[in-house]
Each structure stands twice: as C-alpha cells, then as structure tokens.
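Numbering (this note's numbering), first residue to last: 6 to 652.
Here the structure is laid out as structure tokens; the discussion comes afterwards.
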C-alpha cells in the first residue's frame, strides 16, 4: 500500500453548520449515547491508522477537567497546504465530508464514513485541539465550536511538551503521530458531558479484537482506572470471550479470504462456535464499525451456513430430521467482519447500524461456503456435534409448532378468546394500551380494582415463572403461565412472532419491592430478552417502581421510593409526629393507594428496560440464570456492594 498521505488526498464538500443544527443526524442523539459517539469517532480515526498498517498504539485519556484526549503513533494528519489555500489539517478538522477516507490510496478500510468524524466532533465541542507530529516537526491548531482560533502553526518540542498530557508523552519520542483533545459543548449535550469509562472500555476492547496486534491504552484520570488491550488472534479471541460462560461444543472455526466484485475488493473474516445454550449471539462489523442491525454481510453468512450444512447432510445421507436456517441459530456464537475501501462502503445512515453493500453479501457467502465445506470434510467429529445440535433444535421446533397449533385450534392465538385470568382493557388501540404483569392474587386483585379500565389491563401470575434461560421453545409453550401470557400479548413466539400484533405498547412488570419480587422480575426479564427481544429493543418493556414507605405527618401523606428520600423527608418533619409504614408487598396497599402511587400515569415512576450493550446483557443473563454456580457466585460477590439486604 502506498505510504503517501498528503493534502491532495483531502476532498472538501461542505461546512460544519449542519452538524450543530441537527447533531442527531451525525452522532445519533445528544444524550449519553451521542456523547460516547464523539469519543468513538476520534478513537476510530487512530484505529484506522492501525488498520492501514501505520500505527501500533492508540492512547486514550479521560481527564479530570472533562476533556477527552486521544493519540496514536501513526503518520500524523497531513499539514501541508491544500489546493483551497489552507492547511490540510484545518480542512480535515473544519469541513464536513472532508478527509483522507475518500481516497483508496490513503485508507483501504476505515471506521469513519466520508471524513465526518473529527469535524463533527469539533463542531460539537467548546474547545478542540490537535497536535500533529510529522518528520520530527510539531504542528498545532485550536478550535471553538469548529472555528479555528488561529492558522495551523509549527511549535517547538518544548511548547508541545506543555500542551501534551503526560500520559501521551510517546508523541515526544515517536517519529510521527496525532494528538487530539476536546471537551463537549454543554449547550448541545445538556444532560451530561461526563464520559462513561465502562462503556468506553467495552468499545475499546471491541476494537482490540478486530485489529490484532494493536495496543490500546485507556486511562481514566478521574478514578485512576486503567485498561490495556492487545489480542493476537483477532475475532477468534472475541468468539471465545463471548462463550466464556457457556460450554463450547467444538473449537472456534475461523475463515477468511479476499473477494472482488464490480471492481470492489473486500476482505471477509468469519469466526463461529456452537455452545450448549439455546440462544444465538452474532456480532457483525464493517470496517471496525459495529453494525448492530446486521446487513448484507450477515445475510451472506446465514445463507452460506444453511446451505453448507444442508448439503453436507444430504451428501452423508444420515439426516434424521429436516434442518432449517432457524435450527442453526440455536447455541451459535459468531463474528462476521468485512473490510473494504471507505469510499465504497454503504450504510443505512450516518449512525452506521446496518450495512447495505450487496457485494459484502456475495463476499461472505462465497468465502464461508468454500472454507466451511472443506472444514466439515476434514473435521467429521466437529461436524457431527454441530449437526446433532441442529437436529435437537429442529425436533424442539417441531414440538413447539405442534404446541402452537394446538393453541391455535382452540382459537387462542388468533385473539378470539383470551385467557380467563387476563383483565383486559376496553381500548383496542395498542399505542394507548398497557398491561401490568403482577404476581399473586392479592396484588392482582388490588390492581384490577385500582386500575383505569379504559387503557390498563392486568395479568396476574401464579408464583414464579419458568427460568427460560435454559429452556427450549416447546418447554416454554408447555408452561401454562407463559403460554397464557403469550396469548395475552398477541405477538406469538418463535418463528411466528410478529411485533405488529402486539396488543399493548407498554408492558409493565409490577412486583413486590423485596427479594422474591426482584427474582420474579428477573425471570420475566430473562423471558423477554431471550424469547421476545424485539419487545425490549423497541422500548415496550417497563418495570414499575412501587413505593417502599408511606409516611404520614399532620394528615399529610408522603409516598417514598428510596431510603435516601425517606431520610430527607423525615429530616424536614422534625418535631412532628410521624407514622411510617414499610410496604413489603403490593397486596398491603388498597386499590386507591396502588393507583395513586404505582399506576396513575401522572404520579407513577416507570423504568424503561433498554439494552445498550447486547454483549454485556447476554453475559449477565448467562451468569445469573445459567446452570453454573461458580461464575454466579463470583458475580454476586463482586457486585454485592450494590445490593440492599432485605432482612
């Protein structure tokens, strides 16, 4: 690959005003998620240097002052004069859609799209500074909300030393590199400008898996936390990590290769491994961007996997049941990673959640088909384990279908008859309707009496539901309480699931504020996350927050939701006679109290259940709800300081 990277590689399309006017279009949102996106964009610029083969280290620091600082030992952003008459560094930092990623000679596969990253971050920062070292010379420029304070200038090493954070002193000895420091604009990020170390750590670790032999150094000066990552085996290591708390059925299978279509060169890497769980976990990436919604590369992998396995079964002639693509999802952990010239990559939007290049589908399909066919022939033992896993899934699928058909024959899943235990609402508009899932007849009775019948439905559970972490679909449907819940929701389950048929757009878990209540809530969360994930992902699942205390003073009643709130209220009631009632269960409240504190939309507190990190959520559910005791014990001991004992 040519090492030239200069001003002529920078292309200019437009200015930065659109970023400040509509920041959500460029970073997704202006909440915590959008804030993290700022840091990710700058980190990815440095990672791109490593992908191109020019950087071996990326350093990241979260400073006490609120600044984020990132540096690398790559080539350094070009600083020579651009044909437009200003420095290429200034163009890259102040013009939207300006960057070396347009030119295939500069970057073959980068995480940024159209050079938006650094300039968008600059536009959304009150202070932004870059120091570049090229050929032993230091250059710098500083900006305020995207506008340069002065022209790009050279500085001495002594001056650079005063600017550079000591954690990034490598720049003083390395022959070249780029140093960026910035602080987000509070007028844009009104909620917070505090970077979340834990979330950033996850992103950085992900990058380390995708770029083998790259050192990534993360330092949080606010808490003195440090994280360093380096992986020799790339995505193979990532698959092994994802299966840490599961029992693998075979070694990680790895395939890679080059593919060219319509003049577009693509490198595809795929690693996968089956485990003894019943859930699928696939991560997909395009140029180190996590494509959360998949895309064409994922389609190529699924299609190739299904074809190769079915062809292998047909060739061997020993298939006991017919296997479908759905059966091959059970217990599958995989990573699909494609790299291609940034100028050709196509995403659904600037947030890059879904890949659209059809060439990527062809590339992954061709490479997986060719390599997996050879692998199965050369590893009959591993092939047998994979086929046995798929055949068990197929049998469970047929058993589940039989159970569903039996329900349909009774007219239940079609909505003509609803479970007798369901107290439905009168409104038939799902957007206006909500269902409370409560435990026990006592709480269910109070909820039914206290609710607003127009839009609130009540579904009482008898005791604790099945732990669905280790249950196939046929067992779930056979469990009466869950079967009735599925019928009440109206979506179906498994391959018949259809989110468009959801009868309530707010599903609210309302349980006692004690250990048993939390356990029931966790069982319900496991069911929805594992078997109806779209309900969670589309924001339909909530947890109700009933009060812990009722404080009465001078005929005034206060409902209190935490110990801290209780202490604060009591401190303001000194000298007054108070009566404090600790609620141990919803059944202790009369219908009026339950309505006023937990069900009235004007007063209630609901927590929406969201999944920001699917990988972390998968790991936690595997640990807490799986069969293995040691990891669960370790998890509880590690996080016990967060627990409140209910004794």
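Ideal placement from N, C-alpha and C gives every residue a C-beta, glycine not left out.
Treat the numbers as computed from the prediction; the structure is a model and nothing was measured.
Residue 180 sits exposed, since fewer than 16 C-beta atoms from the chains shown fall within 10 Å of its C-beta.
Taking one beta carbon from each stretch, the segment 338-353 and the segment 365-375 have 3 or more pairs nearer than 8 Å; the two touch. Between the alpha carbons of residue 288 and residue 511 lies a gap of roughly 28 Å. For the 8 Å CB-CB criterion, residue 298 and residue 358 form a contact. Looking at the DSSP output, residue 151 sits in no beta bridge, so it has no partner there. Distance from the CA of residue 31 to the CA of residue 127, rounded to the nearest whole angstrom, comes to 12 Å. The segment 192-240 is shown to contain whole beta strand (DSSP E) runs of 3 or more residues at 220-225 and 230-234, in chain order. Non-local beta-carbon contacts of residue 36 in its own chain, meaning distances under 6 Å to residues more than five positions away in sequence, involve 196 in chain order.
For the set 369, 296 and 303, the Cα lying nearest the Cα of residue 353 is the one of 296.
Within the same chain, Cβ atoms closer than 6 Å to the Cβ of residue 255 are found at 387 and 390, the five residues on either side in sequence being excluded. In this structure, 594 is the residue among 582, 594 and 544 with its C-alpha nearest to the C-alpha of residue 564. When Cβ pairs closer than 8 Å are counted between the two stretches, the segment 467-474 is seen to touch the segment 483-493, the count reaching three or more. Cα atoms of residue 442 and residue 78: separation of roughly 55 Å, rounded to the nearest angstrom. Between residue 131 and residue 47, the CB-CB gap reaches or exceeds 8 Å. When rounded, the separation of the alpha-carbon atoms in residue 40 and residue 560 is 46 Å.
Judged by DSSP in its simplified three-state form, residue 470 adopts coil rather than helix or strand.
Counting along the chain, residue 596 sits inside the alpha helix (DSSP H) bounded by residues 596-599.
The segment 424-431 makes no contact with the segment 562-581; the number of CB pairs closer than 8 Å stays below 3. Pairing residue 456 with residue 600 gives a Cβ-Cβ distance under 8 Å. Measuring C-alpha to C-alpha distances from residue 286 to each of 273, 305, 257 and 247 identifies 247 as the nearest. Here residue 515 carries a strand assignment [DSSP, helix/strand/coil]. A direct Cα-to-Cα measurement between residue 331 and residue 224 gives close to 43 Å.
The beta carbon of residue 43 sits closer than 7 Å to those of 32, 126, 129 and 189, all from its chain and outside the five residues before and after it, given in chain order.
In the DSSP assignment, residue 41 forms no beta bridge with any residue.
In this structure, residue 173 lies near residue 66, with their beta-carbon atoms less than 8 Å apart. A straight-line Cα-Cα distance of about 11 Å links residue 182 and residue 144. Runs of the alpha helix (DSSP H) lying entirely within the segment 34-99, each at least 4 residues long, are 37-56 and 93-99 in chain order.
For residue 249, the closest alpha carbon among the candidates 259, 229, 281 and 235 is that of 281. The segment 252-269 makes no contact with the segment 304-315: fewer than 3 CB pairs, one atom from each, lie closer than 8 Å. Relative to the Cα of residue 231, the nearest Cα in the group 238, 240, 251 and 209 belongs to 209. Put simply, of 612, 275 and 279 the residue whose alpha carbon is nearest the alpha carbon of residue 291 is 275. Three or more Cβ pairs closer than 8 Å define a contact, and the segment 511-528 meets that threshold against the segment 582-591. The three-state reading of DSSP puts residue 548 in strand, counting E and B together.
For residue 479, the enclosing alpha helix (DSSP H) begins and ends at 478-483.
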